[in-house]
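J.:
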Amino acid sequence: IVRYLAGRFPETLSATDDDGRTPLHYAATLKDNGHFYNLLTHLGANPKVEDSLNHSAEYYLGHVQSQGILSHRQLLRDYGAKEELADEMLNDQGEHGSRLRCECAQQTVSRKA
């Protein structure tokens, strides 16, 4: 999905949230041995872009304590997802993951309206 979005919609690599963070900022905090961080940089994401705290994605990559700041749980919570389903959303298994993805998509659309 990441490769598809970056290939078809390269502007998504530099899209920012309300805090000025790009997808790379969030990828830097994942406990995946740098897989998505490296993938995004390979696809053209800029690791030097700074967020509203003047921190680059490289900063978050090097600071283990930042994993609590930009966790997937916090991001999902910010968008109204139920906390007990946060892990299931990232795990493509089970009915709850599909339902949660739909709920988050609906809430995101509602927020933008």
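In my numbering, the protein residues as written are 334 to 446.
Where is the CB? At the ideal position from N, CA and C, for every residue including glycine.
Between which two residues does the alpha helix (DSSP H) holding K336 run?
T.: According to the sequence provided, residue 336 is Arg. The question's Lys does not apply to it. Counting along the chain, the alpha helix (DSSP H) containing R336 begins and ends at V335 to R341.
J.: Tell me, to the nearest whole angstrom, how far the beta carbon of T374 is from that of P356; I am working on the premise that it is less than 8 Å.
T.: T374 to P356, Cβ: 11 Å. No contact.
J.: Would you grab the beta carbon distance between L394 and A361 for me? Rounded to a whole angstrom, and I think it's under 8 Å.
T.: Confirmed, about 4 Å.
J.: Would you tell me roughly how many angstroms separate the C-alpha atoms of A378 and S347, rounded to the nearest one?
T.: C-alpha separation (whole angstroms): 7 Å.
J.: Less than 7 Å between the C-beta atoms of V335 and L363, yes or no?
T.: In this structure, L363 does not lie closer than 7 Å to V335 by Cβ.
J.: So, for T349: in the same chain, excluding its five sequence neighbours on each side, which residues have a beta-carbon less than 7 Å away from its beta-carbon?
T.: The residues are T355.
J.: Would you tell me roughly how many angstroms separate the C-alpha atoms of F342 and R410, rounded to the nearest one?
T.: Looking at the two C-alpha atoms, the distance is approximately 26 Å.
J.: Start and end of the alpha helix (DSSP H) containing G329?
T.: What is shown of the chain runs 334 to 446, which leaves residue 329 out entirely.
J.: Let's test the definition: count the other Cβ atoms within 10 Å of the Cβ of Y412 and tell me whether it reaches 16, buried, or not, exposed.
T.: With fewer than 16 other Cβ atoms within 10 Å, it is exposed.
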